[in-house]
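Enquirer:
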Amino acid sequence: MTRAGLLRLSSTLTTRTRPTTFLQLRPAAVLAPSLGLRSFSSSLPRYNSPHQQATLSSTCPSCHATLPSQITPLCPSCSSLLPPPHPSTTSFSLFNLPQSYALNNSDLKRTFLQLQQKVHPDRFGGQGEQENWAKSWSGRVNEAYKVLGEGRSRGEYLLSLSDVHIGEADPVTDPELLMSIMETREALEEAETESQVQAIRDENRETMQETFSLLSSTFAAAEPDLEQAKNLLIRLKYLENVEGVCREWSPGKRVELGH
Numbered sequence: 001m002t003r004a005g006l007l008r009l010s011s012t013l014t015t016r017t018r019p020t021t022f023l024q025l026r027p028a029a030v031l032a033p034s035l036g037l038r039s040f041s042s043s044l045p046r047y048n049s050p051h052q053q054a055t056l057s058s059t060c061p062s063c064h065a066t067l068p069s070q071i072t073p074l075c076p077s078c079s080s081l082l083p084p085p086h087p088s089t090t091s092f093s094l095f096n097l098p099q100s101y102a103l104n105n106s107d108l109k110r111t112f113l114q115l116q117q118k119v120h121p122d123r124f125g126g127q128g129e130q131e132n133w134a135k136s137w138s139g140r141v142n143e144a145y146k147v148l149g150e151g152r153s154r155g156e157y158l159l160s161l162s163d164v165h166i167g168e169a170d171p172v173t174d175p176e177l178l179m180s181i182m183e184t185r186e187a188l189e190e191a192e193t194e195s196q197v198q199a200i201r202d203e204n205r206e207t208m209q210e211t212f213s214l215l216s217s218t219f220a221a222a223e224p225d226l227e228q229a230k231n232l233l234i235r236l237k238y239l240e241n242v243e244g245v246c247r248e249w250s251p252g253k254r255v256e257l258g259h
């Protein structure tokens with residue numbers, strides 16, 4: 001029953017573009033090669049926030065050297081800490097990455113660690129303004145990594161850049177998904193052994209993989225279908241809930257499967 005529900009759920013994910021890669025579930029996994037989102041970036045420069053535009057002609061506050069157009073925390077000439085980026089700077093720009101759903105998470109983590117090493121507030125303790133800048137930089141870098149490091153949050157962030165948002169109160173309207181929710185909840189409530197739950201978990205993970213792949217294909221299209229991307233992300237949230245319930249399952253424990 002559970003397998004039938006998950007297979008039916010999987011069948012509704014089919015789109016005109018056949019997925020060619022499967023994305024890993026863990027943040028540290030290597031994801032599909034980067035694919036540019038042309039409708040998101042359009043013909044604008046890769047680095048196009050007000051801060052980045054300003055840095056084309058701005059100078060280092062310490063040595064007055066001309067700064068590069070790319071976001072950088074340290075002056076290339078004197079290595080002093082620079083002011084934090086403009087609030088409108090995107091998380092992608094902060095990491096000097098293309099605005100894409102498909103990212104290499106190993107590279108992302110490596111860039112994150114390098115940035116944090118450069119801007120860690122402990123390096124600038126007692127240095128007044130630069131210490132405050134370091135705290136701001138560190139917070140921005142942490143938040144950007146949190147957003148980009150997970151498949152669902154990255155997708156929701158990409159949608160938000162096009163003024164499309166997913167709210168907590170957004171209802172699940174897909175009848176196939178609603179049926180799957182009910183069947184999976186029933187299967188988990190009836191499960192008596194860890195092996196039964198593991199079977200549900202394995203099938204759920206397969207569906208998650210397919211959903212990640214479809215998200216990658218959807219966002220990489222010449223004209224991304226944002227409504228489809230939104231529905232896939234709502235579906236992914238439910239699948240993540242199933243994963244969490246399976247992980248915490250124990251005999252007789254109440255099954256609370258939200259959506």
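Take 1 as the starting number for the sequence shown in UniProt numbering and just add one per residue.
All C-beta atoms, glycine included, are put in the ideal place defined by N, C-alpha and C.
1. Going straight from the alpha carbon of residue 87 to that of residue 59, what length do you get?
2. Return the chain-ordered list of same chain residues with a C-beta closer than 6 Å to the C-beta of residue 115, the five sequence neighbours on each side being excluded.
3. Can you check whether the CB of residue 118 is closer than 7 Å to the CB of residue 148?
4. Need the endpoints of the alpha helix (DSSP H) that residue 188 sits in, please.
5. Taking its Cβ as the centre, do 16 or more other Cβ atoms sit within 10 Å of residue 222, making it buried, or is it exposed?
6. Looking only at its chain, what residues have a beta carbon closer than 8 Å to the beta carbon of residue 138, apart from the 5 residues adjacent to it on each side?
7. I need the straight-line Cα distance from residue 92 to residue 244, nearest angstrom please.
8. Just reading off the alpha helix (DSSP H) that residue 123 is part of, what are its end residues?
9. Quick check: residue 77 and residue 63, are their CB atoms within less than 7 Å of each other?
10. For residue 111, which residues of its own chain have a beta-carbon under 6 Å away from its beta-carbon, when the five flanking residues on both sides are left out?
Expert: Well, looking at it:
1. Indexing the sequence shown from 1 puts residue 87 at position 87. Indexing the sequence shown from 1 puts residue 59 at position 59. Going from the Cα of residue 87 to the Cα of residue 59 covers about 19 Å.
2. Here the question's residue 115 lines up with position 115 in the sequence shown. Once the five neighbours on either side are set aside, the close Cβ partners of residue 115 are 141.
3. In the sequence shown, counting from the first residue as 1, residue 148 sits at position 148. In the sequence shown, counting from the first residue as 1, residue 118 sits at position 118. If you check the CB distance, residue 148 and residue 118 do not come in under 7 Å.
4. By 1-based counting over the sequence shown, the position of residue 188 is 188. That run of the alpha helix (DSSP H) goes 175–190.
5. Numbered from 1 along the sequence shown, position 222 holds the residue referred to as residue 222. Exposed, by the Cβ-count rule.
6. As a first step, residue 138 is located in the sequence shown; it is residue number 138 there, counting from the start. Same-chain partners within the cutoff: 116, 119, 120, 121.
7. As a working note, residue 92 is residue 92 in the sequence shown. As a working note, residue 244 is residue 244 in the sequence shown. If you take the alpha carbons of residue 92 and residue 244, they lie about 28 Å apart.
8. Here residue 123 is taken as the residue at index 123 of the sequence shown, counted from 1. Premise fails: residue 123 is in no alpha helix (DSSP H) and is neither H nor E.
9. For the purposes of this step, residue 77 is taken as residue 77 along the sequence shown, with counting starting at 1. For the purposes of this step, residue 63 is taken as residue 63 along the sequence shown, with counting starting at 1. Yes, they are a contact pair.
10. Taking the sequence shown and counting its residues from 1, one reaches residue 111 at position 111. 95, listed in sequence order.
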